[in-house]
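**Q** Okay, here's the structure, questions in a sec.
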Amino acid sequence: MGWSNERIAGALDVTQPTLRKHYFAELRLRDVARDRIDSEVLMKLWEGVQAGSVSAIRQFRAELDRNDLMEYGQTRKPRKAAPADKPVKVPKLGKKEQAELDARSPDAGSTLGELMARRQQGLNS
């Protein structure tokens, strides 16, 4: 789990030479011990996934993501790239604002709208 020999010896209440003499096989396997623990945890999570546990499914996916990041040498997820050109959001008008805007800009495609447009141009000149 990343403990130093000094810390392990202190936890076992033995000296470091005694630790190396009697626990040399365990110390040699220390590098793979964490992987073994992680694999046991993943197996338990997988059992939960197969049983249909939603929390186990969520945690298993998180562990898979973490494993994928480790595989590519990353410690955290890369940032999402910002879109190059974001379209400018036009504020949405309410009913009253839209009605007022429609009243000020008549539809020139109809006869009445054409007359209203002429009238507005005459008032604005």
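The numbering of the sequence shown is UniProt numbering, which starts it at 1 and goes up by one. Using N, Cα and C, we set each Cβ at its ideal position, and we do this for glycine too. Nothing here was measured: the structure is a model prediction, and the numbers come from that model.
Do the segment 36-53 and the segment 12-20 touch if we need at least three Cβ pairs shorter than 8 Å?
**A** Not touching, per the Cβ criterion.
**Q** Go ahead and pull the three-state DSSP assignment for S55.
**A** Helix at S55.
**Q** Determine the DSSP secondary structure at K96, reduced to helix, strand or coil.
**A** Correct three-state label for K96: helix.
**Q** For D38, which three-state DSSP category applies?
**A** Residue state, collapsed to three classes: helix.
**Q** Between which residues of its own chain and V88 is the CB-CB distance below 6 Å, once the five residues before and five after are set aside?
**A** There are no such residues.
**Q** The alpha helix (DSSP H) with P106 in it runs from where to where?
**A** Per DSSP, P106 belongs to no alpha helix (DSSP H) and is neither H nor E.
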